[in-house]
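Report on the structure given below.
2 protein chains.
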Amino acid sequence: MTIQESGTARPAGRPRSEKAEKAIIEATLDLIGEGMGVSDLSIEAIASRAGVGKTTIYRRWSNKEDLVVDALATLKAPVPSLTGTSVRDDLISLLDAMRSESGVARNRCVMKIAMSEADRYPQLMDRFMKRAIEPRRQAMRAVIERGIANGELRADLDVSMGMAVLTGTMLWFTKWGPAGDLDVDLAERVVDVALAGMAP
Amino acid sequence: MTIQESGTARPAGRPRSEKAEKAIIEATLDLIGEGMGVSDLSIEAIASRAGVGKTTIYRRWSNKEDLVVDALATLKAPVPSLTGTSVRDDLISLLDAMRSESGVARNRCVMKIAMSEADRYPQLMDRFMKRAIEPRRQAMRAVIERGIANGELRADLDVSMGMAVLTGTMLWFTKWGPAGDLDVDLAERVVDVALAGMAP
DNA sequence: TCGTTGCGAAACTCGTACGTATCGAAATTG
DNA sequence: CAATTTCGATACGTACGAGTTTCGCAACGA
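Okay, structure coming up:
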């Protein structure tokens with residue numbers, strides 16, 4: 010029995026290129042970022058964009074959907090760190106993260122896919138939701154619950170309703186707001202309207 | 010010169026079938042309602058679903074996009090009639106129309122297309138927006154402005170912000186709310202939270 | 001050095017859809 | 001009736017992309 014440094018044996022032969030793998034994922038996200046829907050993506054376009062043979066793709070993923078799942082799962086969700094000084098500040102941090110990310114074409118289009126192809130690729134969405142959406146959603150829920158507990162928010166506030174108002178409003182602006190970048194103080198204004206309400 | 014009843018002469022030959030035209034539009038909307046994106050629609054599928062020859066489609070529309078434009082333009086926007094008794098009631102009427110429409114698969118998917126394919130088919134979106142979205146948007150704007158004028162809403166309220174909160178929140182529920190139909194009192198609850206705010 | 005495996009490129013088969021053309025039948029005008 | 005136009009059906013040539021295979025070369029372990 011030969012010496013084996015780690016638990017997993019390194020198989021014989023040329024190792025798979027880490028660089029090619031990265032390039033494939035990047036190319037996939039690029040194309041999605043250019044507005045392609047999942048069904049418009051072609052493996053051939055991805056291969057060509059990545060400077061890679063189709064073989065190299067099929068050696069790693071058995072079909073298009075698997076590749077897209079992995080590509081989207083790559084997008085990490087660095088939930089912004091929260092100061093915890095006040096509910097208002099924390100909500101602004103969370104919403105402002107949405108605003109600044111929406112400035113990047115790639116993020117916008119990933120969101121678009123999340124909205125539009127959920128029915129047709131449920132497994133894809135599942136994974137993407139768990140990875141990218143759920144952490145933020147839980148962070149916001151925690152902030153709101155803290156606010157209810159310590160009196161900064163109405164005791165009878167429905168938590169899901171609060172989340173819907175905040176997230177929905179931001180989402181609306183990213184999709185149908187004025188063209189170009191969103192105002193830097195948008196998150197603050199949204200939070201203030203949500204907290205204070207529209208009635209006098 | 011022969012007698013001609015109307016200004017336009019009826020050409021000789023078999024007239025185009027009104028029924029076929031309807032069936033084609035219906036089939037197109039059906040397929041969209043089943044989750045197809047614009048680029049996934051195939052003329053052949055539409056023809057087969059409508060029980061019609063491809064010829065009959067190409068005789069009327071020169072390509073897929075033209076057909077989809079006409080099909081979407083078909084969807085009318087019957088803005089709900091407003092009582093005008095109070096801003097709260099009118100807003101609830103507007104939002105409840107969104108809720109009840111979201112129960113119909115066809116409407117949901119049309120909305121999906123509006124969200125996801127705006128970049129790729131701008132002319133299509135233009136026409137759809139004018140026809141289906143703009144009337145509702147203006148109705149809501151009018152209600153909010155009325156509320157500001159007569160003191161039912163905060164004098165310093167940003168109208169676009171108010172619309173974003175109301176519409177965005179409803180949209181969020183239709184897309185990511187609990188599965189199944191939305192609560193019948195959802196519109197009321199959304200309006201109340203928006204008016205009163207989340208702070209105590 | 002040799003065996004093994006990954007590499008990009010290219011050729012291949014196969015299915016799908018496009019857009020056009022052609023068919024016999026049906027509907028309409030004159 | 002004849003002329004004209006549409007009808008649904010079907011066949012056709014073209015194009016594109018999926019997924020597979022083959023090729024000569026590169027990278028690695030033994």
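Respectively, the protein sequence lines represent chains A and B.
One gets the working numbering by counting positions in the first sequence from 1 and adding 9 to each.
One gets the working numbering by counting positions in the second sequence from 1 and adding 9 to each.
All C-beta atoms, glycine included, are put in the ideal place defined by N, C-alpha and C.
According to the neighbour-count rule (16 or more other Cβ atoms, all chains shown, within 10 Å of its Cβ), is K121(B) buried or exposed?
Taking the first residue of the second sequence as position 1, residue 121(B) is located at position 112. Per the 10 Å Cβ criterion, buried.
Kindly list, in the order they appear in chain A, the residues whose Cβ is closer than 8 Å to that of K121(B).
As a working mapping, residue 121(B) is identified with position 112 in the second sequence. Per Cβ cutoff of 8 Å: M124, S125.
By Cβ distance below 8 Å, which residues in the same chain neighbour G171(B) in space, the five residues on each side in sequence not counted?
Locating residue 171(B) in the second sequence gives position 162, counting from the first residue. Here the set comprises I153, L162, A203.
Alpha carbon to alpha carbon, how far is V174(B) from R146(A)? Give it in angstroms, no decimals.
For the purposes of this step, residue 146(A) is identified with residue 137 of the first sequence, where counting begins at 1. For the purposes of this step, residue 174(B) is identified with residue 165 of the second sequence, where counting begins at 1. About 18 Å.
Please list the residues of the region 70-89 of chain B that have a C-beta atom closer than 7 Å to any C-beta atom in chain A, keeping them in chain order.
The residues in question: there are none.
With a threshold of 8 Å on Cβ separation, who are the neighbours of A32(A) within its own chain once the five nearest residues in sequence on each side are excluded?
Here residue 32(A) corresponds to residue number 23 of the first sequence, with the count starting at 1. Here the set comprises A59, G60, V61.
Within 9 Å of any Cβ in chain A, is that where the Cβ of F137(B) sits?
Here residue 137(B) corresponds to residue number 128 of the second sequence, with the count starting at 1. For F137(B), the answer is no, since every Cβ of chain A falls outside 9 Å of its Cβ.
How would you list, in chain order, the residues of chain A whose beta-carbon sits under 8 Å from the beta-carbon of R129(B)?
Position 120 of the second sequence, counted from the first residue, corresponds to residue 129(B). Residues of chain A passing the Cβ test: G44.
Does DSSP put Y67(B) in a helix, in a strand, or in coil?
Taking the second sequence and counting its residues from 1, one reaches residue 67(B) at position 58. Helix, per DSSP.
According to the neighbour-count rule (16 or more other Cβ atoms, all chains shown, within 10 Å of its Cβ), is R23(A) buried or exposed?
Within the first sequence, numbered from 1, the residue matching residue 23(A) stands at position 14. Exposed, by the Cβ-count rule.
Just verifying my parser: in three-state terms, what is the DSSP assignment at P144(B)?
Start at 1 with the first residue of the second sequence, and residue 144(B) comes out as number 135. Three-state DSSP puts P144(B) in a helix.
Taking G177(A) as part of the alpha helix (DSSP H), name the residues at either end of that continuous run.
Here the question's residue 177(A) lines up with position 168 in the first sequence. Taken as a continuous stretch (DSSP letters only), the alpha helix (DSSP H) holding G177(A) covers 168-185.
For T176(B), does the count of other Cβ atoms within 10 angstroms reach 16, so buried, or fall short, so exposed?
What you label residue 176(B) is simply residue 167 of the second sequence in a count that begins at 1. Its Cβ being crowded by 16 or more others within 10 Å, T176(B) is buried.
Compute the distance between the beta-carbons of V77(B) and R129(B), then report whether it is under 9 Å.
Counting from 1 along the second sequence, the entry for residue 77(B) is found at position 68. Counting from 1 along the second sequence, the entry for residue 129(B) is found at position 120. Cβ distance not < 9 Å, so V77(B) and R129(B) don't count as in contact.
Spatial neighbours of V96(A) within its chain, please: CB distance less than 7 Å, with the 5 preceding and 5 following residues excluded, ordered by chain position.
Position 87 of the first sequence holds residue 96(A). Result list for V96(A): V152, R155, G156, E161, L162, in chain order.
Under 9 Å, do L195(A) and R108(A) count as touching if we go by C-beta distance?
Stepping through the first sequence from its first residue, residue 195(A) is reached at position 186. Stepping through the first sequence from its first residue, residue 108(A) is reached at position 99. Yes, they are a contact pair.
What are the start and end residues of the alpha helix (DSSP H) that includes S111(A)?
Stepping through the first sequence from its first residue, residue 111(A) is reached at position 102. Note, S111(A): premise wrong, no alpha helix (DSSP H); not H, not E.
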